[in-house]
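One structure is given here, and the rest of the page talks about it.
There are 2 protein chains.
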Amino acid sequence: MKLTSKGRYAVMALVDLARFDNINPVSLRDISLRQGISLDYLEQIFYKLKKNEIVKSIRGTQGGYVLNKNPNDIKLTNIFHAVDEKVKTVQCKKESKKGCNGKATKCITHNLWDELEIHINTFFENKSLKDLLNNNKETRV
Amino acid sequence: MKLTSKGRYAVMALVDLARFDNINPVSLRDISLRQGISLDYLEQIFYKLKKNEIVKSIRGTQGGYVLNKNPNDIKLTNIFHAVDEKVKTVQCKKESKKGCNGKATKCITHNLWDELEIHINTFFENKSLKDLLNNNKETRV
DNA sequence: TCTAAACTTGACCATTTTAGTCAGGTATGT
DNA sequence: ACATACCTGACTAAAATGGTCAAGTTTAGA
Ligand code: FES
Ligand code: FES
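Line by line, the protein sequences give chains A and B. FYI, the numbering for the first sequence is 3 to 143, going by this note's numbering. FYI, the numbering for the second sequence is 3 to 143, going by this note's numbering.
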């Protein structure tokens, strides 16, 4: 199981944004240069972040993005959800009573995969952008 | 992030095996039928499980596979390692001091991804085949 | 006013990974 | 001998990934 670049970039970009948006909006160009992420790709990512109300945009020259919420209220869950980075431990539909590939019942390890999914999501729910900022300050002392 | 079928099947097949290997070796054909996994694919998977000494094989008619260890000593970690299902939260090499795409330093969220990887692996290290057998008995009462 | 910076949005694409299949073995219990 | 079942490598269709490209719109500042 691997984390996709899209999810990783989204978090990286938001941490960068959170650090610099105190005074002026931050342009994607700046984030792109600082973090080494393709500008075109960042645009895709921020399009989604905006639709999910995690950031606000300011158009025009000197424009850019600012956070739309307090860093403490932006959990990794929210970010990942916004960019469609989701945890999937099973193939079959969650709600369905049926199992994978059309079987009548769920597989014998189904409980395990549910547990795993919860385990991972818990991590994402408990981590906010604020935590990442603090964490980084600490490790830079 | 998603779990691949190969990893999921490996665990399913081993749970099935653990249930039935008390008296005779279990043939892949049986596992295939019971769990609805392609026989050809199972062969690939068991080839790796055998190389990693998680199962033993008995050839010929009435042959099949048996566990090579106590179910309590087979952790999910071991199974996933055997079939090359690994947790990757970053793109860059672990050992290297350099970051992704050749940058001089690690990215600003690197600590986070390391934490995440540990968080997930901890789950796998603490779960044994025995746990899965017990767990399933419980939920079938 | 004009222009460049910066956001907006959709379409497109090469590469890699996944989830298998296929084929042709080899070993062995009956 | 022969059927059963393991052994092993090669191959492949489909999906996902990690982007790029193009054609806008909006607005600050010269
Ligand atoms: S994972 Fe689909 S049935 Fe359990
Ligand atoms: S993920 Fe590669 S540098 Fe942090």
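All C-beta atoms in this analysis are idealised placements derived from N, C-alpha and C, irrespective of residue type, glycine included.
Whole-angstrom distance between residue j and residue i, CA atom to CA atom
| i | j | result |
| --- | --- | --- |
| A:Ala20 | A:Leu114 | 37 Å |
| B:Val28 | B:Lys90 | 33 Å |
| A:Ile33 | A:Ile47 | 12 Å |
| B:Thr63 | B:Asn26 | 12 Å |
| B:Thr6 | A:Gly104 | 18 Å |
| B:Lys88 | B:Glu117 | 15 Å |
| B:Lys50 | A:Thr79 | 35 Å |
| A:Lys8 | B:Glu55 | 37 Å |
| A:Lys100 | A:Ala106 | 5 Å |
Any non-hydrogen atom of ligand 1 closer than 7 Å to residue i Cβ
| i | result |
| --- | --- |
| A:Gly101 | yes |
| A:His112 | yes |
For residue j and residue i, believed in contact at Cβ under 8 Å, the rounded distance
| i | j | result |
| --- | --- | --- |
| A:Leu135 | A:Leu16 | That belief does not hold up - the Cβ atoms of A:Leu135 and A:Leu16 are roughly 10 Å apart, past 8 Å. |
| B:Ile76 | B:Val68 | That pair is no contact at about 12 Å. |
| B:Val57 | B:Asn70 | 5 Å |
Ligand 2 heavy atom lying under 7 Å from the CB of residue i
| i | result |
| --- | --- |
| A:Lys50 | no |
| B:Trp115 | yes |
| B:Val92 | yes |
| B:Cys109 | yes |
Cβ-based neighbour list, residue i, same chain, cut-off 6 Å, excluding 5 preceding and 5 following
| i | result |
| --- | --- |
| A:His93 | Sequence check: residue 93 of chain A is Gln here, not His. Cys102. |
Counterpart residues of residue i in DSSP-defined beta bridges
| i | result |
| --- | --- |
| A:Val89 | In DSSP, A:Val89 forms no bridge with anything. |
| A:Gly66 | A:Ile60 |
Cβ-based neighbour list, residue i, same chain, cut-off 7 Å, excluding 5 preceding and 5 following
| i | result |
| --- | --- |
| A:Val13 | Leu78, Ile81 |
| B:Arg142 | Bear in mind that a pLDDT of 38 at B:Arg142, under 50, signals an unreliable position, so the number given afterwards is only what the model happens to contain. Answer for B:Arg142: no residue qualifies. |
Close-in-space but distant-in-sequence residues of the same chain around residue i (CB under 8 Å, 5 per side omitted)
| i | result |
| --- | --- |
| A:Asn128 | Lys77 |
| A:Tyr11 | Gln37, Ile39, Tyr43, Leu44, Ile47 |
| A:Phe125 | Leu78 |
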